[in-house]
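Trainee: The structure that follows is given in the form of structure tokens.
Protein chains: 4
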Amino acid sequence: MDNNKVLDEFVRNYYAQMAEGVYGTPISLDPEDTALILIDVQTCVTEEYFVEGFKAMGMDVEPLMPALDQLGENIGETLANIERVLNKCREKGIRPIHIKIESLLPDAADTGRLHKDAGMLYPPGTPGTDFCKEAMPLEGELVLKKTCSGSVVGTPIDRILRNLHIDKLIVVGFYTDQCVSTAIRDFRDLGYQVDMIEDAMNAMSKERHDKALQAIQNIYAGSETTEELLTRLEELK
Amino acid sequence: MDNNKVLDEFVRNYYAQMAEGVYGTPISLDPEDTALILIDVQTCVTEEYFVEGFKAMGMDVEPLMPALDQLGENIGETLANIERVLNKCREKGIRPIHIKIESLLPDAADTGRLHKDAGMLYPPGTPGTDFCKEAMPLEGELVLKKTCSGSVVGTPIDRILRNLHIDKLIVVGFYTDQCVSTAIRDFRDLGYQVDMIEDAMNAMSKERHDKALQAIQNIYAGSETTEELLTRLEELK
Amino acid sequence: MDNNKVLDEFVRNYYAQMAEGVYGTPISLDPEDTALILIDVQTCVTEEYFVEGFKAMGMDVEPLMPALDQLGENIGETLANIERVLNKCREKGIRPIHIKIESLLPDAADTGRLHKDAGMLYPPGTPGTDFCKEAMPLEGELVLKKTCSGSVVGTPIDRILRNLHIDKLIVVGFYTDQCVSTAIRDFRDLGYQVDMIEDAMNAMSKERHDKALQAIQNIYAGSETTEELLTRLEELK
Amino acid sequence: MDNNKVLDEFVRNYYAQMAEGVYGTPISLDPEDTALILIDVQTCVTEEYFVEGFKAMGMDVEPLMPALDQLGENIGETLANIERVLNKCREKGIRPIHIKIESLLPDAADTGRLHKDAGMLYPPGTPGTDFCKEAMPLEGELVLKKTCSGSVVGTPIDRILRNLHIDKLIVVGFYTDQCVSTAIRDFRDLGYQVDMIEDAMNAMSKERHDKALQAIQNIYAGSETTEELLTRLEELK
């Protein structure tokens, strides 16, 4: 048991050293071959969505409000960071690509099995499918829809990125432990250089976000804060 | 801060309830359409490999031995479970598919960027590429090689499973937080039903294994112990 | 030279015999697992499109009119057949999936290299991107866009068909020698059963259509006429 | 009928002009990013294979010999060209990638549906799976196996080419109308520049080869003769 603590410490050092070699220098930022990937920045992650959802199910929401208010606060901070990243990327000519969970068919029959089994059906127009106001796509920006967790398995993004000659990705969005983790793993496996913005992504709880970070941060992708990225973007050109 | 604990508790309940509906009943086991996927059960996860590697780098291994012995003990227990699962699956006619990290080319030029950047080059015959003795493929069993983290991105397994009419997967192997997590996420997104054997997989440390489980266990895949699976397999036919 | 004629005859018999065994019985038609795939049934295949295009390029169209009128006649017959197939499939509950060439971005930057090199840019709203009136999608029918030849490489259709549990495909559209041939080859390689309706597809010339048929008809897919299919559909239920 | 001849002529001119703009200049040849793709250069395309096969089926081969001898002659010429291309590519440092039809499993259970339906089962060691002596892979050259028509759907070649930073392909092999056509279409759709060597590929009959060329030559890929390619390769460096 004690030795497991020794091992944990050893492994932390082991990965930290490995990461330093690979992710010590953040990816270069070049509008020509870099895109901003926004994953599931849609209203189904907001406090309002949960509150309305629970009410619709006839639940007494009052006892849940302390938890949901904390969720709202956490997600709100993340959305503010996403908005800053998005605006600065647009300003500097880095193309945003918006990915969201939404089916193509009105009856959601095209939903993937993972989501279908969990009852996660999001036909167009359903509550939760709208983009958050902090990350509303502009006319002419790419919007891709998926009905599963991963962006690579669930959308033609790999092919689109190739056609656009993009091979560097800045990733933000929801949830760190689910769709974001899946996307980052697959992107990196396909050969893209990936930079994740650690405070412009979040999970349903801080606990889940923090634990998920350990598996991917500086292992599958370089990681920096919104502030660090904005500083680097500001210096562009 | 306090409210974040309330939120954590709320979220744990939330996912537990969701999971109960989807993963409360484990996948049925039918040799006709079920395969056992063994991920990276190769010697590069063993204590011996790390000890030899550190020695080859001229490091003094002595101070690391408590950590490495614990690693050896943890991995050893997992390998014993993998062996039991593999043998029982063979006995019951469930096809094992062995996936390992190894390049096709002698100079490893075909290695994916994630592994190349990290210096993880595994040409055929390199230390670490042999299967562990507990999970040695038999003549005529499928062996697939990859040079990245994910089994779906890195091998033609999706197509092979389709040709074999398999849509249920039992997953074991290494590491829980890396190649195993990536594979389970992608398999599930592609529509496969996945059953992960929680004590027949492991990470470099217990800490990493435990944290990684939270993101996938009963969310991307049903989860049971070796003992539970063996009991169910025993009842087959 | 003479012996090449003997060989041609021999090979025709060889493939005819092989085809009889595989495609002698047409695929069964079951709305549960069958879809109608309409490929590029869009106005860029019509006589009007070519006439307008040549005029826009400042060419004297008059000398080309005999050829273009013949093209219009050929395509018109095919469109009439497509319309009959589409209507009967809808009536019988076989889901139509409409695929067309159109970029996602207004500047067509997401166009695949094959089309980009050839100057084939089709941003939304461009002449040629509208569906032909004979095959206008209804509200709630699937529409997929591509910027290359193949439907499998260029759209997420494989994943969508899996989610819909469809594994039998009826294929119609344009052009037999290009996008239709590519799609049929890839669909079949992925394991779908494919039935091509030989007079509900066409190429720019009868010569090209006929020659292309030889490579795929009853080799990559079973083949029947509109009339034969309609008779079989009529008998459904 | 007459007007169809006018249309055929018009269409030939139309594609010839389009092709001139795209394929008028052959792809540049750079060992850094160019590979030679050899498709199905295996003994199942040889006269011997057919003769033995027919005998094994108890057929009287004698009446078929004029056709089979012509087949042997045609294929022999093609194999000689393939050998010259392969040797010159090796000499100039252009990496050959050998693709062949062969299952992974001894019982060929992993065979794709297209081949399974046609009874085309090629387990390892089966007659027909050996590479032709003119195109025997050297130690350390990439060999990929497939159980379907297409190289892209049937092998992980797209990922391997990306890892190798290759985006230009020289394609040779068998059969022009089947596996070669499918591969060229998919490669080009994925964004690779493709150069097909028109007399280093062939079909079962000259008729089939010629007709298939029309659909792909200078439409999906640039096309040159063995002699033209060898001259260009000779000038390299």
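Protein chains in written order, with the UniProt record's numbering: chain V, 1 to 237; chain Z, 1 to 237; chain B, 1 to 237; chain F, 1 to 237. Glycine included, every Cβ here is placed at the ideal spot set by N, Cα and C.
Quick one, which of V:Gly222, V:Phe50, V:Asp189 and V:Gln17 has its alpha-carbon nearest histidine 115 of chain Z's?
Mentor: V:Asp189
Trainee: Taking only beta carbons into account, state which residues of the stretch 174-206 of chain V come closer than 7 Å to chain F, listed in chain order.
Mentor: Gly191
Trainee: Quick one: what does DSSP say threonine 225 of chain F is sitting in, helix, strand or coil?
Mentor: coil
Trainee: At the level of alpha carbons, what is the spacing between leucine 206 of chain V and isoleucine 160 of chain F?
Mentor: Rather than leucine, the amino acid found at residue 206 of chain V in this sequence is lysine. The straight-line gap from Cα to Cα measures roughly 39 Å.
Trainee: Could you check what DSSP says for glycine 93 of chain V in three-state terms: helix, strand or coil?
Mentor: Glycine 93 of chain V sits in coil when the DSSP states are folded into three classes, being neither helix nor strand.
Trainee: Quick one: grab the DSSP three-state call for alanine 67 of chain B.
Mentor: helix
Trainee: When you check each C-beta in the stretch 92-106 of chain B against every C-beta of chain Z, which residues fall closer than 9 Å?
Mentor: none
Trainee: What number of angstroms, rounded off, separates the C-alpha of alanine 35 of chain V from the C-alpha of glutamine 193 of chain V?
Mentor: 11 Å
Trainee: Flag this pair as touching only if the stretch 4-22 of chain F and the stretch 146-158 of chain F have three or more C-beta atom pairs under 8 Å; answer yes or no.
Mentor: no
Trainee: Could you tell me whether the stretch 178-187 of chain V touches the stretch 168-187 of chain Z, where touching means 3 or more Cβ pairs closer than 8 Å?
Mentor: yes
Trainee: Please list the partners that leucine 142 of chain Z has in chain F, where partner means a Cβ-to-Cβ separation under 9 Å.
Mentor: Leu104, Leu105 and Asp110
Trainee: Verify the CB distance criterion: does arginine 162 of chain B have a CB-CB separation below 7 Å to chain F?
Mentor: no
Trainee: Quick check on proline 63 of chain V - is its C-beta less than 7 Å from some C-beta in chain B?
Mentor: For proline 63 of chain V, the answer is no, since every Cβ of chain B falls outside 7 Å of its Cβ.
Trainee: Name, going along the chain, the residues of the stretch 133-159 of chain B whose beta-carbon falls closer than 9 Å to a beta-carbon of chain V.
Mentor: Glu139, Gly140, Glu141, Leu142, Val143, Leu144, Lys146, Thr147, Cys148, Val153, Gly154, Thr155, Pro156 and Arg159
Trainee: Expressed to the nearest angstrom, what Euclidean distance is found between the alpha-carbon atoms of lysine 146 of chain V and lysine 100 of chain V?
Mentor: 6 Å
Trainee: At what residue ranges does the stretch 167-203 of chain Z contain a whole run of the beta strand (DSSP E), taking only runs of 3 or more?
Mentor: The qualifying runs are 168-174 and 193-202.
Trainee: Shortest alpha-carbon distance to aspartate 220 of chain Z belongs to which of Z:Arg232, Z:Lys133, Z:Glu77 and Z:Ile170?
Mentor: Here residue 220 of chain Z turns out to be tyrosine, not aspartate, going by the sequence shown. Among Z:Arg232, Z:Lys133, Z:Glu77 and Z:Ile170, the Cα nearest to that of tyrosine 220 of chain Z belongs to Z:Ile170.
Trainee: Name, in chain order, the residues that DSSP records as bridge partners for alanine 16 of chain V.
Mentor: DSSP lists no partner for alanine 16 of chain V.
Trainee: Exposed or buried, what is proline 63 of chain V when buried is set at 16 or more other beta-carbons lying within 10 Å of its beta-carbon?
Mentor: exposed
Trainee: Note down the Cα distance separating leucine 38 of chain F from arginine 84 of chain F, rounded to an integer number of angstroms.
Mentor: If you take the alpha carbons of leucine 38 of chain F and arginine 84 of chain F, they lie about 12 Å apart.
Trainee: When the Cα atoms are used, what is the spatial distance from glutamine 178 of chain V to valine 61 of chain Z?
Mentor: 38 Å
Trainee: Ignoring anything shorter than 4 residues, give me the alpha helix (DSSP H) runs that lie fully in the stretch 102-169 of chain Z, in order along the chain.
Mentor: Within the stretch 102-169 of chain Z, the complete alpha helix (DSSP H) runs of at least 4 residues are 113-117, 151-154 and 157-163.
Trainee: Tell me which same chain residues have a C-beta within less than 6 Å of the C-beta of methionine 201 of chain V, skipping the five on either side of it?
Mentor: Val172, Gly173, Thr176 and Val180
Trainee: Give, in chain order, every residue of the stretch 113-125 of chain V whose Cβ lies closer than 7 Å to some Cβ of chain Z.
Mentor: Arg113, Leu114, Asp117 and Ala118
Trainee: Rounded to a whole number of angstroms, what is the C-alpha to C-alpha distance between alanine 19 of chain Z and methionine 120 of chain Z?
Mentor: 36 Å
Trainee: Name the residues in the stretch 5-17 of chain F whose C-beta lies less than 9 Å from a C-beta of chain B; which are they?
Mentor: So the list reads Lys5, Val6, Leu7, Asp8, Glu9, Phe10, Val11, Arg12, Tyr14 and Tyr15, given in the order they occur along the chain.
Trainee: Using a Cβ-Cβ cut-off of 7 Å, state whether proline 127 of chain F counts as contacting chain B.
Mentor: no
Trainee: With distance defined between alpha-carbon atoms, name the residue in V:Pro106, V:Glu134, V:Lys168 and V:Ala118 nearest to glycine 140 of chain B.
Mentor: V:Pro106
Trainee: Should the stretch 222-232 of chain Z be called in touch with the stretch 19-31 of chain Z, which here means at least 3 C-beta pairs below 8 Å?
Mentor: yes
Trainee: If you draw a straight line from the C-alpha of leucine 230 of chain F to the C-alpha of leucine 79 of chain Z, how long is it?
Mentor: Near 54 Å, if we compare the C-alpha coordinates of leucine 79 of chain Z and leucine 230 of chain F.
Trainee: I need the straight-line Cα distance from asparagine 218 of chain V to asparagine 218 of chain F, nearest angstrom please.
Mentor: 46 Å
Trainee: Ordered along the chain, which non-local residues of its own chain (more than five positions away) have a Cβ less than 8 Å from that of serine 103 of chain F?
Mentor: Ala109, Asp110, Thr111, Leu121, Tyr122, Pro123, Pro124, Lys145 and Thr147
Trainee: Please report the residue range of the beta strand (DSSP E) in which isoleucine 37 of chain Z lies.
Mentor: That run of the beta strand (DSSP E) goes 34-39.
Trainee: Since valine 6 of chain Z contacts alanine 67 of chain V with CB under 8 Å, what's their CB separation in whole angstroms?
Mentor: For a cut-off of 8 Å, the C-beta gap from valine 6 of chain Z to alanine 67 of chain V is around 5 Å, short enough to register as a contact.
Trainee: Going along chain V in order, which residues have a C-beta closer than 8 Å to the C-beta of residue 243 of chain Z?
Mentor: For residue 243 of chain Z there is no data in the structure shown, the boundaries of chain Z being 1 and 237.
Trainee: Does the separation of the CB atoms of glycine 191 of chain B and arginine 162 of chain Z fall below 7 Å?
Mentor: yes
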